[in-house]
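J.: Please read through the structure below; I'll follow up with questions.
There are 4 protein chains.
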Amino acid sequence: MNIMSTSGKIPVAVLGATGAVGQRFIQLLQEHPFFEIAALTASDRSEGKRYADATRWVIEGDIPPAIQDMILLPTDAPAVMRHAPIVAAFSALPNEAAQAAEPAFAQAGALVFSNASFHRMHPDVPLVIPEVNADHLRLLRHQQRARGWSGGIICNTNCTVSGPAMTLRPLYDAFGVKRVFAVSLQAQSGAGYPGVPSLDITDNVLPFIKGEEDKLEAEARKLLGTLRDDGDGPAGVADAPIAVSAHCNRVPVIDGHIVTLSIELASPASPDDVTRVLRDYRRAEVSGLPTAPEQPIVVRSEPDRPQPRRDRMAGNGMSAVVGRVRAEPLFGDCGVKCVTLAHNTIRGAAGGSILNAEVLFKVSGLTER
Amino acid sequence: MNIMSTSGKIPVAVLGATGAVGQRFIQLLQEHPFFEIAALTASDRSEGKRYADATRWVIEGDIPPAIQDMILLPTDAPAVMRHAPIVAAFSALPNEAAQAAEPAFAQAGALVFSNASFHRMHPDVPLVIPEVNADHLRLLRHQQRARGWSGGIICNTNCTVSGPAMTLRPLYDAFGVKRVFAVSLQAQSGAGYPGVPSLDITDNVLPFIKGEEDKLEAEARKLLGTLRDDGDGPAGVADAPIAVSAHCNRVPVIDGHIVTLSIELASPASPDDVTRVLRDYRRAEVSGLPTAPEQPIVVRSEPDRPQPRRDRMAGNGMSAVVGRVRAEPLFGDCGVKCVTLAHNTIRGAAGGSILNAEVLFKVSGLTER
Amino acid sequence: MNIMSTSGKIPVAVLGATGAVGQRFIQLLQEHPFFEIAALTASDRSEGKRYADATRWVIEGDIPPAIQDMILLPTDAPAVMRHAPIVAAFSALPNEAAQAAEPAFAQAGALVFSNASFHRMHPDVPLVIPEVNADHLRLLRHQQRARGWSGGIICNTNCTVSGPAMTLRPLYDAFGVKRVFAVSLQAQSGAGYPGVPSLDITDNVLPFIKGEEDKLEAEARKLLGTLRDDGDGPAGVADAPIAVSAHCNRVPVIDGHIVTLSIELASPASPDDVTRVLRDYRRAEVSGLPTAPEQPIVVRSEPDRPQPRRDRMAGNGMSAVVGRVRAEPLFGDCGVKCVTLAHNTIRGAAGGSILNAEVLFKVSGLTER
Amino acid sequence: MNIMSTSGKIPVAVLGATGAVGQRFIQLLQEHPFFEIAALTASDRSEGKRYADATRWVIEGDIPPAIQDMILLPTDAPAVMRHAPIVAAFSALPNEAAQAAEPAFAQAGALVFSNASFHRMHPDVPLVIPEVNADHLRLLRHQQRARGWSGGIICNTNCTVSGPAMTLRPLYDAFGVKRVFAVSLQAQSGAGYPGVPSLDITDNVLPFIKGEEDKLEAEARKLLGTLRDDGDGPAGVADAPIAVSAHCNRVPVIDGHIVTLSIELASPASPDDVTRVLRDYRRAEVSGLPTAPEQPIVVRSEPDRPQPRRDRMAGNGMSAVVGRVRAEPLFGDCGVKCVTLAHNTIRGAAGGSILNAEVLFKVSGLTER
């Protein structure tokens, strides 16, 4: 079967294309060397409209010209497949819509790269940041077998956990990690559009984000967990034995989630050790991929970095930026403190899903011809 | 000696009266039942000018009419004393200026209620939040004896520690406290005026404030510490055996410092226990004082409070506001998490010093006539 | 008929009490010497709930204790009248709801002080800022006669026009006004709650507010217009012969609308002349009323005032603050430029309606006993 | 004389390289096809330091690697020339420093492209926006002759006038312009770094910027004026006979100055006429130049654009963006209203100077080899 379009690229859909994350998918897929947007879907209300007519474009720049005139399809797998034989779907659906629609696309043969939280914690769904746990993508064939799908669902993470998880991965490998206190200062765009009312956040902090602390804690353990697919029992991920405690705050920032971390390692390490391990971290799985940053983790040595506005675009928004690596005295010589930043709508949302797709298609050989 | 002015009030000076904290002192001392401003000092540059001519008023409201025409004196103790026989001085001096000037005023007989950090950690200087450690004011007579002063220096705390210290005091008394992870989200006004450039903080977070983490950690231990003045050795304060670890961040907020706390108590307590202890906390030392709030600690039950803009004026800016009291799983059944807020330029600066003065003068009987 | 409650105050309702303007009405009516809240209404969705349960309180402070437990009524005139024999209703209804509900309350005998725009431009509806055109209140009896109502509708203005109208009134009387170029910088709260999404306004300006420019232009002419009720033809207001042109912008400010004005007077006047006329302006109609500020217009002489955050609470949020009075060279010796500020949710909304009510009840003698 | 460096590029200096505008020059000159940075100067305090050590980088991104290790020279023409035979100097000097230093560099043979205001209004100094008045560059040879310089001074404009001037140019040519009411909403970066204190601008507007209104009014007339260099009397520019009146405001925005315009044309034109003229405007003088945007003026048709955050990067920050073109009723059928936006530190500062240099060197043939 030749799944490529005449351009030689893989035809993809963006599900929920009119919202803020859908817009980011469209922006990041422009001129993508592997993928080509063949279909855009929206809620029933917008179906049949020109994309430009149905969309209030809220991110920087403009709607790409090639997208403006595309007609929005319903978020209905058979209808989309009739329109264009898409191979992958990037899902920016809200959680309720994702529940039924994403499995329908998977059953219809599409690989669904989802930004929704609904399926993330299911045992046979890979929850993946490629630089953290690309091996979990092997869950996909178990998922396909168990559900009888030719497609499948691959989830990216909650936007807040992406920075901490990328920071913890090399430390977990090098020193072990036992406990983590995480406090987030999260950007407004994490709540989507219209999202946070300006009267709630101007000259203010909201010290609570519904569901966020639980997600950060649970997803960190699954991301750093161990793939079990050796045939003894059903495939899945054994959570990493790390205790994570989170406080999540919303602050008046457009993009870029800061998380402060106080980490108890399993073995002693100095701030210099930690810095070196973070700086040297590379993963072969993403080497050379178009959306992968040169350095997954950028460590800054200035005392007052990372800052959201000045650092969120590091690695085109795909690097985690770490700073203020120093001792955490409350954990003795196993303690380290630092600050981590990741762009929540690029690394933590659309960009993360696209990188997941790049890894999977590279492994599959589909992008190699 | 009759130290009262003809109005029957205690004549006081504000040192460093033109800056942001000096302005707050002036604002809070208007119509004060105990105190009356008899002298205002400024740096040499402004000496001899009308207050209204030398001052860029940056807080809300206007310069009080009675103050506008006062002539600024140099920050020189003999000169001020010649001008008016002040009994107390509220010091909003920058740290370098406070180093020499505050002892000079103390030597000249004034009780200096200082907002500067220079003298805070000296063994014979009381560092006081009345609802936390009013008994430490007894250090004053040791200080007077040791230094041969008729006046003395009484310090208030760093603005960031005031909320956490007020929150920890009743917990320390009821359950004991072993470890505290504190992460601050601090307002712009904490840096004074002009302070933080807008280009640094708009759409941004600064994850570092020079010297702040050390102060928060050290001052918390002294505030909760035990007064030693029983004659065996020199008087002083034995630090509380609490380990505190802080991350300090600046956020785009005008006034009001948020601090998230993850606390390891010395004995088990449920969130309900903790809430009850916080709600019920009262201190007789401040009962009925004009600047003391009815409730030192206001506990809110909504999931998303306290918020700086909506809660900073609780108790006229003098209450600590606590919310989101919940279990801290990383410390087992001894763990509790919460969020605390205090107004940094009222409770954490000028208001705190004025309350210190009210307590001291009430005890001395000077205000009782 | 004794319309007073047992407290001796006039019983009133707040219609649409759960929204941002409704909250402001409740806040400003606490401890009001004339009025007492006897009923609160909301949309069907909230009917029957406790006020505190149905309301997300978004303005500063807390829900007054006496209000928290009040049960929300439907916005239905007979139902409200059965519940309590209210004499006046302060309407914070959205425009669509106001269309039918406000006349129903008027027919049922209540004086409706409306904050909605729907009825503002009807010929027999007084559109009033008491310091500008209290005489227009005489339209009320024509309205009552024409419509057969015992109650009536009295409108306050669009929030943006209140500052310019108060500034123009004394100039119109003293010098005449021919043309006005007005450019607004409007606060977020003008759009209500949730209102402006934070992603639209952080680090941004929105150079358009739907319908606002038309309202500013039309209402200014009606406010400054001449009452015609001498019996020749139907009663109404002849618009003032002033040409007004507006640009309206939304800026990242919580409360307080700035409007820059370039004014062509009908006769020459210097900036000093203009300043004197503005400073001296007083209106007997509001003298001594509880919500009337001592000075309707506060003129500031600093070069950089008025500023929203520092000046919006002048006169408890009821004064217009004017600054930068200077020549407008494009209009020769008849030109004057200035900047005006008014608090949009106090003077421009709830406070304005309450002052309208105070004037009307004072004139009626109901408040004089 | 071969003035090129070995790279074949023109060696240039950045004067005042450590400040915010200096940083922007460095950023925009990276990889520039014509120019190569050969020298960086700073104040005495920083002389001799590595650039990275002396500079607090405040704009987005990082210091380019090739610049980090450059050693700062004093802002002294002979010293700079000894160090490197620069042909042009981009001046980000503060006004006082520019007064003496820029002529010294011009005398030493450098073409100084200045961002300072000091020399702008001198009769023999070209004040240029290439798309507005590239012909004024011919003043340069008169300047050189009159002052005996081999170099010269070419000024760019005040950052606020750039958007209005670009908008007015084609309208002036097509219809004539008589009067303009301009009200600005200016970004924080216009004040440099540290510039506006955050306590002054958070939740606030500053309705005054020192000197700004005069500059906007005077520079607009010179920019649109007529070059007089035909030998009758000294060369210079005859101001355009346009009356301009400005109100300037600072708003909480990082970059991008909004200016609302109410324009009286000299002959009737509809909004459609005006839109067409603006959209079609092109200038041959900048055609193909690296920093020139494809469209000098981008006209947006959405009702709520331009917005600073969403539109400031149009044409890489070099386009003026115009929106809301509509009738201005106060000027009858000769009236038009609109909103214009330009990026104040790119088009209005560093980018403007670089484009001036590109035009001059292109004309001179130096860049043509």
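Protein chains in written order, with this note's numbering: chain A, 35 to 403; chain B, 35 to 403; chain C, 35 to 403; chain D, 35 to 403. Backbone N, C-alpha and C fix where the C-beta goes; we use that ideal spot for every residue, glycine too. These numbers were taken from a predicted model, which means no experiment stands behind them.
Quick check: residue 295 of chain C and residue 211 of chain C, are their CB atoms within less than 7 angstroms of each other?
T.: No, they are not a contact pair.
J.: If you pair each beta-carbon of the region 215-231 of chain B with each one of the region 308-319 of chain B, do three or more pairs fall below 8 angstroms?
T.: Too few Cβ pairs lie closer than 8 angstroms, so no.
J.: Can you check whether the C-beta of residue 234 of chain C is within less than 7 angstroms of a C-beta belonging to chain B?
T.: Not an interface residue.
J.: Under 7 angstroms between C-beta atoms, does residue 206 of chain B make it to chain D?
T.: So no, residue 206 of chain B is outside the interface.
J.: Can you tell me the Cα-Cα spacing of residue 403 of chain C and residue 42 of chain C, whole angstroms?
T.: Residue placement at residue 403 of chain C cannot be trusted, given a pLDDT of 34 that sits under 50; the coordinates are not used to answer.
J.: For residue 220 of chain C, which option in C/352, C/353, C/374 has the closest C-alpha, if you only look at C-alpha atoms?
T.: Of the candidates C/352, C/353, C/374, the one whose C-alpha sits nearest the C-alpha of residue 220 of chain C is C/374.
J.: Could you check whether the region 104-113 of chain D touches the region 248-258 of chain B, counting it as contact only if at least three pairs of C-beta atoms, one from each stretch, sit closer than 8 angstroms?
T.: No, because fewer than three Cβ pairs between the region 104-113 of chain D and the region 248-258 of chain B fall closer than 8 angstroms, the two stretches do not touch.
J.: Could you check whether the Cβ of residue 36 of chain D sits closer than 7 angstroms to any Cβ belonging to chain C?
T.: Its pLDDT being 48, under 50, residue 36 of chain D is placed unreliably by the model, and the measurement read from it follows with that caveat. No, residue 36 of chain D lies away from the interface with chain C (no Cβ there is under 7 angstroms from its Cβ).
J.: Mind pulling the alpha helix (DSSP H) runs of 4 or more residues that sit fully within the region 130-208 of chain D?
T.: Listed in chain order, the complete alpha helix (DSSP H) runs (minimum 4 residues) inside the region 130-208 of chain D are 164-167, 173-181.
J.: Identify each residue in the region 222-252 of chain C for which the Cβ-Cβ distance to at least one residue of chain A is less than 8 angstroms, and report them in chain order.
T.: Correct list: 222, 223, 227, 228, 229, 230, 231, 232, 233, 234, 235, 236, 237.
J.: Could you tell me the alpha carbon to alpha carbon distance between residue 393 of chain C and residue 323 of chain C, rounded to whole angstroms?
T.: Taking the straight line joining both Cα atoms gives about 8 angstroms.
J.: What whole-angstrom Cβ distance do residue 120 of chain B and residue 45 of chain B have, given they're in contact under 8 angstroms?
T.: Sure, about 5 angstroms apart at Cβ, within 8 angstroms.
J.: So which residues on chain A does residue 347 of chain D lean against when the C-beta distance must stay under 9 angstroms?
T.: Under the 9 angstroms cutoff, chain A gives 94, 95.
J.: For residue 62 of chain A, write down the residues that DSSP places opposite it in a beta bridge.
T.: DSSP output for residue 62 of chain A lists no bridge partner at all.
J.: Using a Cβ-Cβ cut-off of less than 9 angstroms, list which residues of the region 286-303 of chain C approach chain A; keep chain order.
T.: From the region 286-303 of chain C, only 286, 287, 288 have a Cβ closer than 9 angstroms to chain A.
J.: Drop a sphere of 10 angstroms on the beta-carbon of residue 256 of chain C, count the other beta-carbons inside from all chains shown, and report buried for 16 or more, exposed for fewer.
T.: Residue 256 of chain C comes out buried.
J.: Measuring only the C-alpha atoms, how far is residue 36 of chain C from residue 349 of chain B?
T.: At residue 36 of chain C the pLDDT is 47, less than 50, meaning the model places this residue with poor confidence and gives no usable figure here.
J.: Please state the DSSP three-state secondary structure of residue 283 of chain C.
T.: The answer is strand: DSSP assigns residue 283 of chain C an E or B state.
J.: So residue 354 of chain B and residue 331 of chain B are supposed to be a Cβ contact under 8 angstroms. How far apart are they, rounded?
T.: The Cβ separation is near 5 angstroms, so the contact holds.
J.: Got a sec: is the Cβ-Cβ distance from residue 341 of chain C to anything in chain D below 7 angstroms?
T.: Residue 341 of chain C counts as touching chain D.
J.: The region 344-368 of chain D: which residues have C-beta closer than 8 angstroms to a C-beta of chain A, in chain order?
T.: Flagged, chain order: 344, 347.
J.: Mapping DSSP to helix, strand and coil, what is residue 231 of chain B?
T.: Residue 231 of chain B falls in the strand class under three-state DSSP.
J.: Does any CB atom of chain C fall closer than 7 angstroms to the CB of residue 198 of chain D?
T.: No - not a single Cβ of chain C is within 7 angstroms of the one on residue 198 of chain D.
J.: Give a yes or no on whether 7 angstroms exceeds the smallest Cβ distance from residue 338 of chain C to chain D.
T.: So yes, residue 338 of chain C belongs to the interface.
J.: When DSSP labels each residue in this structure, what does residue 323 of chain B get in the three-state scheme?
T.: Coil.
J.: Can you tell which of D/85, D/69, D/141, D/80 has its C-alpha closest to the C-alpha of residue 124 of chain D?
T.: Residue 124 of chain D has its Cα closest to that of D/69, out of D/85, D/69, D/141, D/80.
J.: So, for residue 180 of chain A: in the same chain, excluding its five sequence neighbours on each side, which residues have a beta-carbon less than 7 angstroms away from its beta-carbon?
T.: Around residue 180 of chain A: 158.
J.: Given this structure, state the Cα-to-Cα distance separating residue 144 of chain A from residue 364 of chain B, to the nearest angstrom.
T.: If I take the Cα positions, the gap works out to 41 angstroms.
J.: Could you check whether residue 321 of chain A and residue 190 of chain A sit closer than 7 angstroms to each other, using their CB atoms as the reference points?
T.: For residue 190 of chain A and residue 321 of chain A, no; Cβs fall outside 7 angstroms.
J.: Comparing the C-beta of residue 161 of chain D with each C-beta of chain C, is any distance below 7 angstroms?
T.: Judged by the 7 angstroms Cβ criterion, residue 161 of chain D is not in contact with chain C.
J.: Just to make sure I have the definition right: I need the residues of chain B whose C-beta is within less than 9 angstroms of the C-beta of residue 371 of chain A. Which are they?
T.: Residues of chain B passing the Cβ test: 279, 281.
J.: If you measure from the beta carbon of residue 332 of chain D to each beta carbon in chain C, is any gap under 7 angstroms?
T.: No, residue 332 of chain D does not count as interfacial toward chain C.
J.: Chain A beta carbons: is any one of them nearer than 7 angstroms to that of residue 215 of chain B?
T.: For residue 215 of chain B, the answer is yes, since a Cβ of chain A falls inside 7 angstroms of its Cβ.
J.: Would you kindly check if the distance between the Cβ of residue 167 of chain D and the Cβ of residue 150 of chain D is under 7 angstroms?
T.: No. Outside cutoff.
J.: Any beta carbon from chain A within less than 7 angstroms of residue 202 of chain B's own beta carbon?
T.: Output row for residue 202 of chain B: interface = no.
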